[in-house]
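Asks: Take a look at this one; I'll ask things after.
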Amino acid sequence: GLEAAVRNVADQAEEAVRAGRTQIVLTDRHIAPGKLPIHASLATGAVHHRLTEKGLRCDYNILVETATARDPHHFALLIGFGASAVYPFLAYEVLGDMIRTGEVLGDLYEVFKNYRKGITKGLLKILSKMGISTVTSYRGAQLFEAIGLSEEVCELSFRGVPSRIKGARFVDIEAEQKALATEAWSARKPIQQGGLLKFVHGGEYHADNPDVVNTLQAAVQQGDYAKFKEYTALVDNRPVSMIRDLVKVNSLDTAMGINEVGPLESSLKRCDTAGISLGALSPEAHEALAEAMNRLGARSNSG
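Start counting the sequence shown at 326; every next residue gets the next number (my numbering).
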């Protein structure tokens, strides 16, 4: 299974370092039908922790060649879990193909250079938010918190990273990989992008999907309360997409007396608007939210 495969990679890395190797290359380039790749972050973290535990981490570099690294967060994750360098081969291959088809204009060198520049800028922005100015200081720092990963996964690949709500085990991750591989190698089905970054009908659920946005805009522009109730129904009955969607309110069998609860004014003080920066919202929108909260006795947030 997947857990045994991850442990096997760590075993091979330890054996190679003890044999005098100074460069460990972890790659998922050579995938094939009937074989499942180990996600780069799982392999990188497991190798890093194994050799740190054995006192061998300073004796070698981890070079990660992977298709899973595409945006700055992916690079930050791999470096944060111990990668010395990351080579995003699929990103380069896609850019090269887009140049050949005319979707991206420019020569190969300039396009690759611009991609690296964008990744570097995004990576430095991530580092700066944690008060770190060099990649060396960020490498192996593990300044992350896992959401939806079990203790067994974190202990093997992301040791020391908190995962408060637990979640997927190795068998769950492996099952997802099998389903993805079945779809990927099926010649009869067109490849679906899935809607991870942008809403796609029938793809991954987005909280701000066209139905929700259009219904809210219609309710506000038309002053239609029925439309507003339609909007709230879409939000209240949506699939689980945030941790708070798992929280349910336990209703009392009998209603409490109005004198047994705090006054409305004290409850309103606990309410606030989302913190959204000026620019993401117009000055007019910020002022409208602040005025509304002042009238209610609640709090606004400038972002």
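Every residue gets a Cβ at the ideal spot worked out from N, C-alpha and C, and that includes glycine. Please read these numbers as outputs of a predicted model, since none were measured by experiment.
1. Across the segment 410-422 and the segment 384-397, are there enough close Cβ pairs to call them in contact, namely three or more that are closer than 8 Å?
2. Provide the residue span of the alpha helix (DSSP H) that contains Y440, from first to last.
3. Who pairs with E390 in a beta bridge, going by DSSP?
4. Report the rounded CA-to-CA distance for A543 versus A551, giving the unit in angstroms.
5. So what's R346 in DSSP terms, helix, strand or just coil?
6. Quick one: what's A493 bridged to in DSSP?
7. Output the distance between the C-alpha atoms of E508 and N619, rounded to the nearest integer angstrom.
8. Measuring CB to CB, does A466 end up less than 8 Å from V486?
9. In chain order, what residues of the same chain lie with their CB nearer than 7 Å to the CB of E480, ignoring the 5 residues before and after it?
10. Starting from R620, trace the alpha helix (DSSP H) in both directions and tell me its first and last residue.
11. Taking a contact to mean a Cβ-Cβ separation below 8 Å, would you say G661 touches T352 in this structure?
12. With DSSP as the reference, label D597 as helix, strand or coil.
13. With distances taken from CA atoms, which of G421, K514 and S409 is nearest V436?
14. Cβ atoms of A335 and A357: under 8 Å apart, would you say?
15. Less than 8 Å separating the beta-carbons of S409 and I444?
16. So for L403, helix, strand or coil by DSSP?
17. Kindly identify the DSSP beta-bridge partner or partners of L603.
18. Run through DSSP, which three-state label would R382 get?
19. Quick one: what does DSSP say R375 is sitting in, helix, strand or coil?
20. Might you give, ordered along the chain, the residues of its own chain that have their beta carbon closer than 7 Å to the beta carbon of R375, omitting 5 neighbours on each side?
Replies: According to the structure data:
1. yes
2. As a first step, residue 440 is located in the sequence shown; it is residue number 115 there, counting from the start. Taken as a continuous stretch (DSSP letters only), the alpha helix (DSSP H) holding Y440 covers L433 to K454.
3. The residue labelled residue 390 in the question sits at position 65 within the sequence shown. Note: E390 sits in a beta bridge opposite T352 and Y412.
4. Numbered from its first residue, the sequence shown carries residue 543 at position 218. Numbered from its first residue, the sequence shown carries residue 551 at position 226. If you take the alpha carbons of A543 and A551, they lie about 10 Å apart.
5. For this step, residue 346 is matched to residue 21 along the sequence shown. Three-state result, R346: coil.
6. Start at 1 with the first residue of the sequence shown, and residue 493 comes out as number 168. Its beta-bridge partners are L474.
7. In the sequence shown, residue 508 corresponds to position 183, counting from 1. In the sequence shown, residue 619 corresponds to position 294, counting from 1. Computed Cα separation, rounded: 53 Å.
8. Numbered from 1 along the sequence shown, position 141 holds the residue referred to as residue 466. Numbered from 1 along the sequence shown, position 161 holds the residue referred to as residue 486. No.
9. On the sequence shown, residue 480 is found 155 positions in, with the first residue counted as 1. If we look at E480 and ignore the five residues flanking it on each side, it has no Cβ neighbours.
10. Position 295 of the sequence shown holds residue 620. Per DSSP, R620 belongs to the alpha helix (DSSP H) from P608 to L621.
11. The structure shown does not extend to residue 661, since the chain spans only 326 to 628, so no value can be given for it.
12. As a working note, residue 597 is residue 272 in the sequence shown. Note: D597 maps to strand in three-state DSSP.
13. In the sequence shown, counting from the first residue as 1, residue 436 sits at position 111. Ranking the options by Cα distance to V436, first place goes to G421.
14. Taking the sequence shown and counting its residues from 1, one reaches residue 357 at position 32. Taking the sequence shown and counting its residues from 1, one reaches residue 335 at position 10. Going by C-beta atoms, A357 is not nearer than 8 Å to A335.
15. Here residue 409 corresponds to residue number 84 of the sequence shown, with the count starting at 1. Here residue 444 corresponds to residue number 119 of the sequence shown, with the count starting at 1. No, the pair does not count as a contact, with Cβ atoms beyond the cut-off.
16. Indexing the sequence shown from 1 puts residue 403 at position 78. The answer is helix: DSSP assigns L403 an H, G or I state.
17. For the purposes of this step, residue 603 is identified with residue 278 of the sequence shown, where counting begins at 1. DSSP lists L606 as partners of L603.
18. Locating residue 382 in the sequence shown gives position 57, where the first residue counts as 1. In this structure, R382 counts as helix in the three-state DSSP scheme.
19. Reading the sequence shown from its first residue, position 50 is the one you call residue 375. In the structure shown, R375 sits in a helix (DSSP, three-state: H, G or I).
20. Locating residue 375 in the sequence shown gives position 50, where the first residue counts as 1. Result list for R375: A335, A338 and E339, in chain order.
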